[in-house]
Structures are given as structure tokens and as C-alpha cells.
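Scroll down for the structure; my scribbles are underneath it.
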Amino acid sequence: FLLEKGANIDDKDKDGYTPFHLACFNGHLEVVKFLLEKGANIDAGTKDGYTSLHDACSNGHLEVIKLLLEKGANIDAVDECRHTPLHFVCITGHLEVVKFLLENKAKIDTVNEDGVTPLHYACQNGHLEVAELLLKKRAGVNAKTEDGCTPLHFACQRGHLEIAKLLLKNRANMRAKNLLGITP
């Protein structure tokens with residue numbers, strides 16, 4: 426109705442979110458389909474650079490994610506801090522979404538502006554199955570952030586014992602020092 430009355434499909438709120446972003450964020454598949462049919466910009470970014478794919482990934486809306494990729498969304502789009510959709514889903518821990526993104530060739534070892542990889546986030550947030558999958562797909566077990574922290578540092582800082590064991594089993598360096606000289 427609003428579009429028929431001349432509303433702009435890509436109008437943005439003060440943070441740069443369009444109706445399309447919000448539909449993706451909330452997992453409203455039929456609304457997403459409708460807005461795409463009406464010409465919504467699939468890779469439009471918010472003020473922070475979040476795309477509709479970032480939004481759908483942050484909440485684990487797999488069917489929306491599938492549609493976005495089918496329609497050409499950039500699987501490795503980065504926000505202003507260089508987070509990819511894979512970073513977002515490794516923070517929230519939606520295993521099926523991680524599987525789907527990796528099956529569709531998302532880059533596994535991308536780093537944000539602080540050098541944090543998706544594996545770092547999975548370890549920090551206690552997502553054991555996500556960490557297992559990333560390691561199975563050869564994510565960098567000893568990748569270092571800008572301040573020299575490895576995924577093992579992140580797991581140990583948060584007390585995720587099972588993840589720490591998993592990392593060690595996959596040859597994490599338990600003697601790796603960060604820039605402050607601290608080991609995990």
C-alpha cells in the first residue's frame with residue numbers, strides 16, 4: 426500500500442536501516458521477497474555498514490539468508506569494522522547458518538579491524554559446535570589479533586574449557602603470548 430502511494434522503498438532511518446534491512450533482521454521471508462520484487466537494494470549498508478545479509482545472519486534466519494545469496498548478496502560484505510556475515514553468525518552461534526555460509530564459499534579466516542577471525546568469536550562466545558566446524562574447515566587455530574591474542578586466549582578468558590580442549594587437540598599453541606606477554 427505505501428509503495429503504491431509513492432513511498433521510497435530504500436528510505437532510511439537515522440541509523441541507515443531500510444525496511445528491507447528490518448525485514449531481514451526479523452526474518453520476515455515473505456516481506457523480504459516482496460521488497461526484492463519491488464527493487465530493494467540487496468547490498469545497501471547502514472551507517473555502520475551492515476548489509477541485509479549481516480542482519481539476517483545475526484539472528485540466524487536461514488531461509489532469508491538462502492534467498493539473499495540466491496539473489497546475489499555479497500557473502501563476504503564487510504561493515505565499517507570489517508565484520509563479515511560469518512563473523513556475525515559466529516558471535517551468535519547459529520550452526521546451520523555457519524554450515525550454509527561455508528558451503529557457499531564464505532571466507533573462513535577474514536579478520537575485522539582488530540584482527541579477530543570468526544573462530545575467535547566462536548571461542549569467545551562458547552559455541553563449541555561452531556568452533557569444531559570452523560576447525561574442520563581449516564580455520565586458523567593460531568590466528569592472532571592485533572594485540573596478539575589467539576582463539577585459545579579468547580576461550581580461556583571466558584572460561585570455555587571444552588573449547589580450550591578442542592583448540593589444544595587441534596594444535597593450538599598454549600604458549601602463545603599476546604602483546605602484553607600473557608599466555609592463554
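Numbering (my numbering), first residue to last: 426 to 609. Yeah, the Cβ is synthetic: ideal placement off N, Cα and C, and Gly gets one too.
Other residues of its chain near arginine 596: CB distance less than 7 Å, five sequence neighbours each side excluded: Correct list, in chain order: Val566.
Same chain, Cβ closer than 8 Å to lysine 496, neighbours up to 5 away in sequence not counted: Leu461, Ile467
Rounded C-alpha distance that separates threonine 608 from asparagine 550: 19 Å
Neighbourhood of leucine 492 by C-beta, 8 Å cutoff - its chain only, sequence neighbours within 5 removed: Leu454, Val457, Lys458, Leu461
Any non-hydrogen atom of the ligand NAP closer than 6 Å to phenylalanine 513 Cβ: Because no ligand of any kind appears in the structure shown, any question about the ligand NAP cannot be addressed here.
Beta carbon of lysine 472 nearer than 7 Å to that of glycine 452: no
For proline 444, the first and last residue of its enclosing alpha helix (DSSP H): 444–450
Alpha helix (DSSP H) segment containing histidine 512, residue limits: 510–517
C-alpha distance - asparagine 484 paired with leucine 447, whole-angstrom precision: 11 Å
Local conformation of aspartate 536 per DSSP, three classes: Checking the displayed sequence, the identity of residue 536 turns out to be valine instead of aspartate. Of the three classes helix, strand and coil, the one that applies to valine 536 here is coil, per DSSP.
DSSP three-state assignment for valine 555, whether helix, strand or coil: helix
Straight-line gap, threonine 443 to phenylalanine 450 (C-alpha atoms, nearest Å): 11 Å
Integer-rounded CB distance, given that threonine 476 should sit under 8 Å from alanine 465: That belief does not hold up - the Cβ atoms of alanine 465 and threonine 476 are roughly 12 Å apart, past 8 Å.
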